[in-house]
Ligand SMILES: Cc1cc2nc3c(=O)[nH]c(=O)nc-3n(C[C@H](O)[C@H](O)[C@H](O)COP(=O)(O)OP(=O)(O)OC[C@H]3O[C@@H](n4cnc5c(N)ncnc54)[C@H](O)[C@@H]3O)c2cc1C
């Protein structure tokens with residue numbers, strides 16, 4: 081893409097209502113999981129999508145799928161996206177990192193998304209301009225931003241001592257890729273009989289069941305390779321997602337290998353010393369880990385905060401129907417950065433929100449009324465080979481924001497037999513294959 085193409089022009093006029101109505105009337109509306117979509121049309125307008133993960137890749141793909149004539153530019157610095165979902169399987173030695181890495185070629189070649197391999201360094205929401213690390217700027221009519229999370233630094237309400245340098249000694253592995261491999265290497269190097277400590281974060285955070293699936297799969301690895309090893313989960317919460325199901329399975333498969341310490345029982349880690357491997361809790365207890373996995377408190381990614389899209393909580397308030405920012409017009413914030421509670425910060429949720437944002441952007445550019453979305457979320461967790469559990473829920477946009485639909489969803493039953501747990505593990509694999517195909521094929 082030429083520099084002039086990126087920087088020239090002004091926000092173009094919205095797609096004419098008459099023309100859109102004619103086109104929309106010519107074909108039946110296409111329905112996706114998340115929201116009814118407008119029909120294919122000769123959409124005009126420039127949409128910039130920042131972040132090519134679960135939210136952003138989905139939004140870019142569905143924007144072009146529904147309105148091929150939109151100019152959609154996806155700003156993402158990485159050549160390949162490594163999914164956090166299934167990264168715990170890499171830690172457990174069940175998968176290689178390559179199998180959870182995905183390229184953007186189909187978005188470009190099949191759907192016509194313009195890939196901008198760069199980082200967004202500043203967003204001027206008044207001028208509708210995104211500045212890139214390489215020096216160029218992109219003008220947009222509508223912006224979709226899905227940059228994920230940032231880990232809170234010590235001075236931002238994070239853990240004392242857990243600064244960027246400490247990430248190399250005590251990996252968080254809460255963004256998949258190098259950090260995942262680093263933690264895996266540390267686990268491999270840990271002696272049998274060693275102590276692995278996982279510091280789990282307070283709410284809200286990316287992937288509520290993630291720390292506990294991680295402990296399970298690392299326990300499976302230890303059971304095979306280092307049966308005298310111990311896992312200590314120091315938690316900043318009183319309870320956690322799918323807790324009875326996890327604890328039931330831990331007792332059955334791993335005996336007393338995994339110990340979980342709640343907030344009230346002194347689980348909150350307040351300080352770490354990366355050099356010595358020490359973690360200190362709120363009440364002053366010192367734990368010396370052979371391998372420490374520190375998952376600190378979180379907030380919206382830096383670019384969302386610097387663009388003025390976050391409130392005092394560090395997360396981005398949005399309109400429940402459109403995911404348009406409550407703080408900047410023409411900007412849709414989706415995925416983990418957004419405040420979408422009670423939806424969890426999950427890849428499944430971000431993917432659904434990507435479709436919602438795509439529909440909302442097209443409706444806004446065409447002057448049509450906004451669709452009425454509903455969403456589904458299922459989070460599967462592997463706990464042992466051929467044994468998985470899940471939690472599911474259905475949501476809709478209500479008068480007071482996003483609401484969980486009462487009576488829909490729930491967790492897999494505690495008394496299910498092994499055949500059902502095995503089915504859930506197959507469903508989990510199916511979910512992974514289908515959602516990544518929905519983003520990258
Ligand atoms: C261990 C673990 C396991 C998980 N398992 C599951 C699971 O089984 N199921 C599930 O549904 N969810 C799971 N999740 C949660 C899921 O990974 C996140 O909820 C999801 O990735 C959020 O999508 P997102 O689009 O908000 O952010 P991401 O998917 O993280 O994408 C953000 C993208 O934005 C890019 N970016 C950031 N800043 C900029 C910038 N300035 N300019 C340009 N690009 C930028 C990043 O490079 C990244 O590619 C798991 C998470 C973890 C940590």
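Numbering (the working numbering), first residue to last: 81 to 521. Virtual Cβ for every residue (Gly too), placed ideally from N, Cα, C.
From residue 521 to residue 179, what distance separates their C-alpha atoms? Taking the Cα positions, residue 521 is about 15 Å away from residue 179.
Quick one: does the C-beta of residue 168 sit closer than 7 Å to a heavy atom of ligand 1? Flag set: Cβ of residue 168 near ligand 1.
Measuring straight from C-alpha to C-alpha, what distance separates residue 436 and residue 402? Note on geometry: alpha-carbon atoms of residue 436 and residue 402 lie some 6 Å from one another.
Cβ pair count under 8 Å reaching 3, the segment 420–434 against the segment 364–374: No, the segment 420–434 does not touch the segment 364–374.
Nearest-angstrom Cβ-Cβ length linking residue 488 and residue 453, presumed shorter than 8 Å: Not really, about 15 Å apart at Cβ, beyond 8 Å.
Decide if residue 394 is buried, meaning its Cβ has at least 16 other Cβ atoms within 10 Å, or exposed. Residue 394 comes out buried.
For residue 268, which residues does DSSP report across the bridge? In the DSSP output, where bridge partners are listed per residue, residue 268 has none listed.
Any chance the CB of residue 417 is under 7 Å from a heavy atom of ligand 1? Proximity of the beta carbon of residue 417 to ligand 1 is indicated: a heavy atom of the ligand is located closer than 7 Å.
Reducing DSSP to helix, strand and coil, say where residue 169 ends up. Helix at residue 169.
If you drop the 5 nearest sequence neighbours on each side, which residues of the same chain put their C-beta closer than 6 Å to that of residue 102? Low per-residue confidence applies at residue 102: pLDDT is 31, beneath 50, and the placement is therefore not dependable, though the value from the model is reported in the following sentence. Taken in chain order, the list of residues that qualify is empty.
Spatial neighbours of residue 532 within its chain, please: CB distance less than 6 Å, with the 5 preceding and 5 following residues excluded, ordered by chain position. With the chain covering only 81 through 521, there is no way to say anything about residue 532.
Just the Cα atoms here: how many angstroms apart are residue 434 and residue 413? When rounded, the distance between both Cα atoms is 9 Å.
To the nearest angstrom, report how far apart residue 406 and residue 418 are at their CA atoms. Their backbone Cα atoms lie some 11 Å apart in a straight line.
My parser needs the alpha helix (DSSP H) runs of 4 or more residues fully inside the segment 221–273; what are they? Uninterrupted alpha helix (DSSP H) stretches at least 4 residues long and entirely within the segment 221–273 occur at 244–249 and 258–269, given in chain order.
Cutting at 6 Å between CB atoms, please list the residues of its own chain near residue 195, excluding the five before and the five after it. Closer than 6 Å at the Cβ level, and outside the excluded window around residue 195, lie 154, 184 and 188.
Exposed or buried, what is residue 113 when buried is set at 16 or more other beta-carbons lying within 10 Å of its beta-carbon? Residue placement at residue 113 is poorly supported in this model, since its pLDDT is 36, which falls under 50; the coordinates still yield a value, given next. That one is exposed.
Buried/exposed call for residue 265, threshold 16 Cβ in 10 Å: Burial state of residue 265 is exposed, judged by a 10 Å Cβ sphere holding fewer than 16 other Cβ atoms.
For residue 440, three-class secondary structure by DSSP: The answer is helix: DSSP assigns residue 440 an H, G or I state.
Beta-carbon proximity list for residue 192, same chain, < 7 Å, skipping 5 on both sides: These residues qualify, in order along the chain: 144 and 148.
Apply the 10 Å Cβ neighbour rule to residue 496 and answer buried if 16 or more other Cβ atoms are within range, or exposed otherwise. Burial is judged here by how many other beta carbons sit within 10 angstroms of a residue's own beta carbon; residue 496 has fewer than 16 and is exposed.
For ligand 1, any of its heavy atoms closer than 7 Å to the Cβ of residue 307? Checking the Cβ of residue 307 against ligand 1 gives no.
Would you report the Cα separation of residue 159 and residue 136, rounded to the nearest angstrom? The alpha-carbon atoms of residue 159 and residue 136 are separated by roughly 14 Å.
What first and last residue would you give for the alpha helix (DSSP H) that runs through residue 301? Per DSSP, residue 301 belongs to the alpha helix (DSSP H) from 290–305.
Where does residue 300 land, buried or exposed, given buried means 16+ other C-beta within 10 angstroms? With 16 or more Cβ atoms within 10 Å of its Cβ, residue 300 is classed as buried.
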